[in-house]
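Residue 61 in full-length UniProt numbering sits at position 61 of the sequence shown, and the numbers go up by one each step. To start, the structure itself, in structure tokens.
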Amino acid sequence: LTKHERGRCHVCSQCGMEFPTYAHLKRHQTSHQGPHTFQCTECNKSFAYRSQLQNHLLKHQSPRPYTCSQCGLEFVQLHHLRQHSLTHKVPTPDIFPVTFYYCY
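Below is the structure:
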């Protein structure tokens, strides 16, 4: 699949990460700039935005409240468990094999 087919057509020139929108790319690019104002007290990693630090702090949370019933992997956020559980699904043939991605 090409970048456009995957829906990720904005590429970071510094690390090659791909993003679906220009706004996501611009926000990501701040990770390559410094100094970062918001620092984790657990591991000293720093972030440009408070929201990034708050999201990162969840990784240090214990116990992790969401556990995969199939493999026992634990997650802090429910949507991460739901995304992970897709890895256990058996692929089924698509009725409509074409997938459309939008790049804006």
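Ideal Cβ placement from N, Cα and C applies to all residues, glycine included.
Coil, strand or helix - residue i by DSSP
i: His36; result: coil
i: Tyr66; result: strand
i: Glu5; result: With a pLDDT of 47 at Glu5, under the threshold of 50, the modelled position of this residue cannot be trusted; read the value that follows with caution. Reduced to three states, the DSSP call for Glu5 is helix.
i: Ser13; result: coil
Residue i, buried or exposed, once every other Cβ within 10 Å from all chains shown has been counted against 16
i: Ala23; result: exposed
i: Cys9; result: buried
One or two residues paired with residue i in a DSSP bridge
i: Ser85; result: DSSP, once it has assigned bridges, lists no residue as partnering Ser85.
i: Ser46; result: Gln39
Integer Cβ distance of residue i from residue j, believed to fall under 8 Å
i: Cys12; j: His28; result: 6 Å
i: Leu53; j: Phe75; result: Not a contact, Cβ separation roughly 19 Å.
*Are the stretch 42–49 and the stretch 66–77 touching by the rule of at least three beta carbon pairs closer than 8 Å?*
no
_Taking 8 Å as the cut-off, does the stretch 81–92 touch the stretch 52–61 (at least 3 CB pairs, one atom from each stretch)?_
no
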